[in-house]
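Protein chains in written order, with the numbering used here: chain A, 1 to 551; chain B, 552 to 1102.
Even glycine gets a Cβ: it sits at the ideal position worked out from N, Cα and C.
To start, the structure itself, in structure tokens.
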């Protein structure tokens, strides 16, 4: 009997972001995507969240390759952390490689890494797996679904995708090839679930092109457009509309400048001669004949748009008749920052066009009707939802069942689960693989744990109070007035009264000589007494840090 | 010439929440609403945000009364803080008074405060103002718009409202009375702008009644419903549907129990005999004949629904065939908590129905078409948007202009602005009144300022390191190995290495004897050197607190 195919999500199932999936057959393991997640509100001070890769490290000899579906951070962002540990070959499409290269350079890995470009339609053989790249539409060019051919049958791993019949940069979802696979019936369909809650269809990128062109055509003066720096088709739309209406384009913001240049060099972006201008050329260009493309669609504090909104951009001061287009939606968690920018742009006198007011953005993921089409075309024996929080995966399973799939064939997997598929069917084995959040903070990878975060939370909510007490080592008597320092606890006007209160309290408790000096007891008493006193006075619970010095 | 009417927003214009507006004519000042705002993410450790009332304190002799439009926290929550300073009479409708009374008891103000009930249709005279309460629909009963009659004309202050032609609890927006005012033309329309970005109409509460009844009718077993505790009409809907389908209702969660009881006593909630059951009665009731109404619609960590989702509720364990209805939308900022509950309920095996899947909630505010109707009926000479972030106020002004209003008559005011209206027109004077955020943290009101918050932010992001150094007071030599403590900085495995590193560094810097001991210099050097060392080692910037002890 041939071995089972094992499917092991290390990230992205039961959460949004940090996508990483392992496929294992016999002695061979491959990974699809190695993404990062940006920290949530309660992950104080954390820079990035990456997958736990200890399982592949433990099976390093069997781990053969990484395949990347597309170049977004939540699919490639943790790759350098993996490659530092295990330098396996990486396979991806051309633009994805361009974006990976930038990351590898930052981590000084560009000379050692083996990143190989695969064109869509082509296949790579690694151990027991033949992995075929299939074109899909998404909000970045060169996105691919993977057909993972195994001795047991073919896995269709969609990655992020949508169906767009009029994509601006010509990249369709290859329904033909998926239908071909479906003719024999796929073994497993692992499909994007991000927008399972959305009814109907995701509108085409062409609707955005039309809306943006209308705004640029009608704008009374300068137009400023912000979008995701990786959304190359959107940049193309803006350049095309600007050129058509006799405007020239200035690009600003580090990642926007870098991506525009890279996409141009790789041939993804078509820029007519003279369409782009430098900051100096912009000064001689009438504002009514200018379009600015910039970073800042998520309200990032140091981005170009945020600087403009705050009046601190080096080249651009918002004027009364400027029109600002936010060609993007705020990612959940970024709403406040995005709307703060919009408010500040309005205050500076600009017109602001955002998605609630005009169709200047479309989503990058498939909605329900698109998902149904893929289910019907691929006709899988087994199904799992990928890329989604738990409810998305449950809802996607329910959709699969509605479409006629047997309940036992549609499963919900979450990070760290192991699914096995063989001739007898598919099952979640009950085995668990490490798949917890790994926090990156500065140079530290994984050292920030829930205890560190709990301490930060405590410090964040009420600040801290340090009490330094000098004690006679012979008799335990207080030698001088205790020193008290506070941070983030009370305002400057209230502090002196609180400090005096603490000093009196300590003088009262520790003033007397003792026959036996109980140092641990003194510290505990100090901590508890001061904390109780502060809570009575303020109803706050700062971290109290008693320091006893024997003199 | 008669004096100007002065309109001074102290909160709620340029932000959502913390609503408070002053109207001033001659020697008389009245306030409409005294609300609070819940803290935003960056306001670490803050409990509440309230308006700055120093302007009315400075004009205490002229400050005559407070009028409340309805009983939501963002309109009444800061009232106790105001009444502690200035015990002026308060006028409001009956349910609003019930909710205010609960607050005043918490603050031990119930014996001193003068809160008077005014029925809709009735008028109160205070100084130069005659204030008339007019019925409006909103997501709480007994909401009122105010017609503020002044010698210069009538101000229509809508408060929060929508137009609902089939409200479940019979409370319409009194279009007749507004039309009557509009016949002569109002002086000023100050109108809710919360949902100016939404096209069309807000659906009726009746659509929710239908949807919830359908879910309860079809549910295979127990049904659990969460909503806002103040949304009395929604509670009525659930009780009615349960009764109709032979189910009995258990209410849980402190504010839900309190509000249900108060609304029943005041006659707002109609409960058939035997419809409600206690926890003990529930144990003998078949689960398929039970409905639970509970708190937790915003994912509040200690609420009933969150406890159920986490498996820690004292009476209710989620079962495989339970149906949970979230009859609410997450307030911006609460999405993560709400969706975490949904995920956990799914994991426990429940069916979860929320607003993305079925119409089990409607908004409480008017959308564009409703706003237009009020503009047309009231026909104001002047207009300002209220209750909204800056962009909402700008968009609402644009709507007013689209409807034919002159640009100079439609203004945008923000907190602290002063608008004057007289026979010559309306203008923003340029005078500024204090209207900054006032933070409540524990017992402290206003002492937490931006410096305290900045310190908390610093502590939150990288934690802290305390270094205690004992130094010979004669020659400045280091006397013993420095003591180092860290909190929220690095994990337990990394800490010893870091601590040793700091100790070596200090021994290196301070080991030698000096002829002159420069204490301030030692502290600064310590702080900088240790901070630099830690940044090199970890790329983190904890708060470094050097403590030097002379021995």
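{"Item": "Note down the Cα distance separating residue 347 (chain A) from residue 937 (chain B), rounded to an integer number of angstroms.", "Value": "16 Å"}
{"Item": "For residue 1013 (chain B), which residues of its own chain have a beta-carbon under 6 Å away from its beta-carbon, when the five flanking residues on both sides are left out?", "Value": "1091, 1092 and 1093"}
{"Item": "Since residue 324 (chain A) contacts residue 288 (chain A) with CB under 8 Å, what's their CB separation in whole angstroms?", "Value": "Not quite, the Cβ-Cβ distance comes to about 15 Å (not below 8 Å), so this is no contact."}
{"Item": "Step through the CB atoms of chain B and report whether any lies within less than 8 Å of the CB of residue 531 (chain A).", "Value": "no"}
{"Item": "Given a limit of 9 Å on CB to CB distance, which residues of the stretch 357 to 368 of chain A reach chain B?", "Value": "357"}
{"Item": "Enumerate, from N- to C-terminal direction, the unbroken beta strand (DSSP E) stretches of 3 or more residues contained entirely within the stretch 573 to 620 of chain B.", "Value": "579 to 583, 599 to 601 and 614 to 618"}
{"Item": "Which residues of chain A have a Cβ atom closer than 7 Å to the Cβ of residue 768 (chain B), listed in chain order?", "Value": "Those do not exist, as residue 768 (chain B) stays about 20 Å from chain A at its closest Cβ, beyond 7 Å."}
{"Item": "Along the stretch 372 to 393 of chain A, where does the CB come closer than 7 Å to a CB of chain B? Name the residues.", "Value": "389, 390 and 391"}
{"Item": "If we call anything under 8 Å between Cβ atoms a contact, is residue 71 (chain A) one with residue 38 (chain A)?", "Value": "no"}
{"Item": "Please confirm whether residue 525 (chain A) has its beta-carbon closer than 8 Å to some beta-carbon of chain B.", "Value": "no"}
{"Item": "Write down every uninterrupted run of the beta strand (DSSP E) in the stretch 780 to 825 of chain B whose length is 3 residues or greater and which is fully enclosed by it, in chain order.", "Value": "799 to 803"}
{"Item": "Tell me which residues share the same chain as residue 649 (chain B) and place their Cβ nearer than 6 Å to its Cβ, disregarding the 5 neighbours each side in the sequence.", "Value": "813 and 817"}
{"Item": "Give the interface partners of residue 410 (chain A) over in chain D, defined as CB-CB distance under 8 Å, in chain order.", "Value": "No chain D appears in this structure, whose protein chains are A and B."}
{"Item": "Would residue 442 (chain A) count as contacting chain B if we go by Cβ distances under 8 Å?", "Value": "yes"}
{"Item": "When Cβ atoms are compared, which residues of the stretch 1018 to 1040 of chain B fall closer than 8 Å to chain A?", "Value": "1019, 1021, 1034, 1036, 1038, 1039 and 1040"}
{"Item": "Where does residue 439 (chain A) fall in DSSP's three states?", "Value": "strand"}
{"Item": "In this structure, does DSSP put residue 769 (chain B) in helix, strand or coil?", "Value": "helix"}
{"Item": "Let me check understanding here. Comparing Cα to Cα, which of A:51, A:138, A:14 and A:498 lies closest to residue 367 (chain A)?", "Value": "A:138"}
{"Item": "Alpha carbon to alpha carbon, how far is residue 1046 (chain B) from residue 1030 (chain B)?", "Value": "23 Å"}
{"Item": "Should residue 157 (chain A) and residue 175 (chain A) be called a contact, given that it needs their Cβ atoms to be closer than 8 Å?", "Value": "no"}
{"Item": "Which chain B residues sit within Cβ distance under 8 Å of residue 545 (chain A)?", "Value": "1017, 1036 and 1038"}
{"Item": "Please name the residue or residues paired with residue 676 (chain B) in a DSSP beta bridge.", "Value": "B:681"}
{"Item": "Straight-line CA distance for residue 53 (chain A) to residue 434 (chain A)?", "Value": "8 Å"}
{"Item": "Please name the residue in B:704, B:949 and B:713 whose C-alpha comes closest to that of residue 738 (chain B).", "Value": "B:704"}
{"Item": "Should residue 946 (chain B) go down as buried or exposed, given a rule of 16 or more other Cβ atoms within 10 Å for buried?", "Value": "buried"}
{"Item": "Please confirm if the stretch 396 to 412 of chain A is in contact with the stretch 376 to 386 of chain A, defined as three or more CB-CB distances below 8 Å between the two stretches.", "Value": "yes"}
{"Item": "Please give me, in chain order, every unbroken run of the alpha helix (DSSP H) with length at least 4 that falls completely inside the stretch 375 to 419 of chain A.", "Value": "390 to 402"}
{"Item": "Can you find a C-beta in chain A that's less than 8 Å from the C-beta of residue 576 (chain B)?", "Value": "no"}
{"Item": "Report the rounded CA-to-CA distance for residue 804 (chain B) versus residue 895 (chain B), giving the unit in angstroms.", "Value": "19 Å"}
{"Item": "Could you pull the start and end residues of the beta strand (DSSP E) that residue 642 (chain B) belongs to?", "Value": "641 to 643"}
{"Item": "Just reading off the alpha helix (DSSP H) that residue 514 (chain A) is part of, what are its end residues?", "Value": "It is not in any alpha helix (DSSP H) - residue 514 (chain A) carries neither H nor E in the DSSP assignment."}
{"Item": "Could you tell me if residue 693 (chain B) is buried or exposed, where buried requires 16 or more neighbouring beta carbons within 10 angstroms of its beta carbon?", "Value": "buried"}
{"Item": "Three or more beta-carbon pairs under 8 Å between the stretch 495 to 514 of chain A and the stretch 459 to 474 of chain A, yes or no?", "Value": "yes"}
{"Item": "What is the DSSP secondary structure of residue 855 (chain B), reduced to helix, strand or coil?", "Value": "helix"}
{"Item": "Applying the 10 Å Cβ sphere with the 16-neighbour rule, what's the burial state of residue 744 (chain B)?", "Value": "buried"}
{"Item": "Given that a residue counts as buried once 16 or more other Cβ atoms are within 10 Å of its Cβ, and exposed if not, what is residue 771 (chain B)?", "Value": "exposed"}
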